[in-house]
Every structure is written in structure tokens, then in C-alpha cells.
Amino acid sequence: MMYCKRVVEYLVVNILITIFLFSPILTFASIVTPIVLLCVFKCYWYLFIVFGVCVLYGFWLLLDRRTASKGGRWSNRLRRLCLWKHFAHYFPLKLVKTEDLDPNRNYIFAYHPHGAFSLSAFGNFATDATHFSHLFPNIHPHLMLLKLQFLFPFTRDLFLALGACCVSKNSCEYLLSGECNHGNALVIVLGGVPEMHVTRNDTMIFYIKRRRGFVRLALQYGASIVPVISFGENELYERRTCFNMISNGIPYGRLLIGHMPIRHSVVTVVGKPIHVNQNVNPTSANIDELHHRYIQEIEQLYEDNKHKHGLGHVNLEII
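Numbering-wise, our numbering puts 116 at position 124 of the sequence shown, and it's gapless, one number per residue.
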């Protein structure tokens, strides 16, 4: 029974990661395939079918283009599918609460580290597999993604239904302004691509010093900043240097092409909120002061938890 369960978890994670990571390739293939069939096999019927689907979906994208900046679509039924529990149990993922959050406020969850693909951010905040809704009742987490990730067919619709939104300024302001009520938590992977590039196993490097946009937003809308750290995210993939041709290497997990993550427990700790008084026109000094306080809080959160989660030998580095 245990073996069957592990096989199911393995298949679920493999299929989901394949779809999410290779959606650009699948999109390209869906465009190129009918052209190839037309030129080689003269399959006109297939071309008409694909062209019709593309036109219909193109109209849908046009009509739905603003949803990613307007809070997503949010389906509790989809977020609670047992499929996501298999995804979370594969590692496994665990979500830890430090203190309760007031649903009458809005929050910016400042998440670290990026790791290879921020899989724990997806599992904890884009689904309810780790019981976010029970730990933080009436708080609605929105995983904030790059606009690029909403350009690929079908995966964009899945992200939107899971509550994910574009990380653009307009999208963040919409969620924090109160237009869609309170209790929103914007989960922003602050380090982004720079943090991903410097990540290695048994390291904890946070790219924060140049990230000040989230602080300005917090001040302008009076949103509380919540430091969040995932312990074990960096260990889901190794770094392969390819005969030293790539300086920091590329993420490599399991299977032939290395896209499958290594089984390793990941504990995501949601820290204490830094409550912010609204300041519509913050000065540089206001931003610097809050930014410095955030760095202090996330350093303290790391020190308080690193020994509990197997990273007592790893020092935090802020860049």
C-alpha cells in the first residue's frame, strides 16, 4: 500500500512539473505540428481543427487578458483537490504558523529562497494541500507570478483558478487597495531570477538589498509585511556545472533530464507580521527604515528556525 502511494505521488509530481516547465515547448509544438503535417502528409483536416482551436482560444485570451491583474479567478474546489495532497506528500511539504493573521488587513508575504522553481511556494500558497485555510482562516493567498507565465495556454487558466496573479505593480495595487475586500496575502518570491542563479545546496542566500518595491507598496497601502522562509527548498535540486562550462551550474534533480525534484522535506515558516502604518507618499528614509527592519526580522526568523529544520550549519547571506 505504501509503495502504491509513493508511485502515485511520483507520477503526480512528474506530470505536473512536466506540464508547468515545458508549457512553452508544448505551445510551440502545437503551432508547428499542423504546419509539418500540412507540408509532409497533406493533412488539411488537422490543420483546420488546430486553427479553429487556436482562434477560439485567442479570443478567450483577449477577453480574459485583465484577469491576472484583477485577483485571478480563485476556485476553492480546485485548490482543495486531492491531487495537490499527493504533490505535497511527495517531498513532503509542511507549513508552520508563527502567529494568527487578522483577516481585516492585507499582507505581503515576502518569500525566500527562490530555489530552482519555488515548488514549496506553489504547494503551500497556490493550493490548500498543507491546510493554509485552516492555519490562516479568511486569508486569501495569491501566488504572484511573472506576466510571462500567463501567456501559455491552459496552464495560465490553471494558475488563475488557483488564485495566482501577475506580479505587476497594477496587480499588486488592486489586491492591496481594498477593491476586492481585505484578507489578501500577496506571496512574492522577492529574490527572483538573481536569487535563483546564486542558489546552491546547503546555502541560504537572500537577494534583498536592491528589492524595495514591496516596501513602498506596503507603506502606500498600509499592508503588513510577513517574512516567509522555506527550509529545504534549495535541496530539491543539485547544481550540475557541465564540465565547468556553466559557472554556477544548472538545476538537476531526478530522471534523465533532471526536471524531477529530489525527495526532501521542505518546511515553510510564516513569520510574525511587520505591521505598517499607511503613508501614501513615503520618503526614501521611510522606505529605507522599513526595509532595514524587514532584513532584521527575516534574519531573526532564520536564526530561530535553522536548527529545527536541519540547517544549523548554514549561515544566512544577504546580498
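All residues carry an ideal CB built from backbone N, CA and C; glycine is no exception. As the structure is a prediction and not an experimental result, all values here were calculated from the model.
Report the residue from W76, Q270, S222 whose alpha carbon sits nearest the alpha carbon of T122.
-> Position 130 of the sequence shown holds residue 122. Comparing Cα positions, the closest option is W76.
Counting pairs of beta carbons, one from the stretch 250 to 257 and one from the stretch 7 to 15, are three or more of them closer than 8 Å?
-> Contact between the stretch 250 to 257 and the stretch 7 to 15 is present, because at least three Cβ pairs lie under 8 Å.
Please name the residue, chosen from T90, P145, S61, R72, that lies closest to V47 on a Cα-to-Cα basis.
-> Looking up residue 47 in the sequence shown gives position 55. Closest by alpha carbon: P145.
Using alpha carbons as the reference points, say which of Y244, L137, V24 lies closest to G63.
-> Residue 63 sits at position 71 when you count from the first residue of the sequence shown. G63 has its Cα closest to that of L137, out of Y244, L137, V24.
Compare the C-alpha of Y286 against each of G214, V259, F206 and name the closest.
-> Counting from one through the sequence shown, the residue named residue 286 turns up at place 294. Ranking G214, V259, F206 by Cα distance to Y286 puts F206 first.
C-beta contact flag for I100 and A210 at 8 Å | On the sequence shown, residue 100 is found 108 positions in, with the first residue counted as 1. On the sequence shown, residue 210 is found 218 positions in, with the first residue counted as 1. Cβ distance < 8 Å, so I100 and A210 count as in contact.
Specify whether the stretch 179 to 187 and the stretch 89 to 98 touch according to this definition: at least 3 beta carbon pairs, one from each stretch, less than 8 Å apart.
-> no
Identify whether H174 lies in helix, strand or coil by the three-state DSSP scheme.
-> In the sequence shown, counting from the first residue as 1, residue 174 sits at position 182. It is coil, neither helix nor strand.
Using a threshold of 8 Å, state whether the C-beta atoms of G115 and P133 are closer than that.
-> In the sequence shown, the residue the question calls residue 115 occupies position 123. In the sequence shown, the residue the question calls residue 133 occupies position 141. For G115 and P133, no; Cβs fall outside 8 Å.
Rank P84, R72, H81 by C-alpha distance to the C-alpha of A118 and give the top, closest one.
-> Reading the sequence shown from its first residue, position 126 is the one you call residue 118. The shortest C-alpha separation from A118 is found at R72.
Helix, strand or coil for T191 per DSSP?
-> Position 199 of the sequence shown, counted from the first residue, corresponds to residue 191. In the structure shown, T191 sits in coil (DSSP, three-state: anything other than H, G, I, E or B).
Confirm the yes/no value for this check: CB of A60, any heavy atom of the ligand MN, distance under 7 Å.
-> Absence of the ligand MN from the depicted structure is noted, as is the absence of any ligand whatsoever, leaving it without description.
Do the stretch 191 to 205 and the stretch 102 to 112 make contact, defined as three or more Cβ pairs closer than 8 Å?
-> yes
How many Å lie between L308 and T195 at the Cα?
-> Within the sequence shown, residue 308 is the residue found at index 316, counting from 1. Within the sequence shown, residue 195 is the residue found at index 203, counting from 1. One C-alpha to the other measures close to 8 Å.
Contact set for L127: own chain, Cβ-Cβ below 7 Å, skip 5 residues either direction = Within the sequence shown, residue 127 is the residue found at index 135, counting from 1. Result list for L127: L87, K89, in chain order.
When the Cα of F83 is compared with those of H189, T275, S112, which residue comes out closest?
-> The residue you call residue 83 lines up with position 91 of the sequence shown. Nearest to F83 by alpha-carbon distance, out of H189, T275, S112, is S112.
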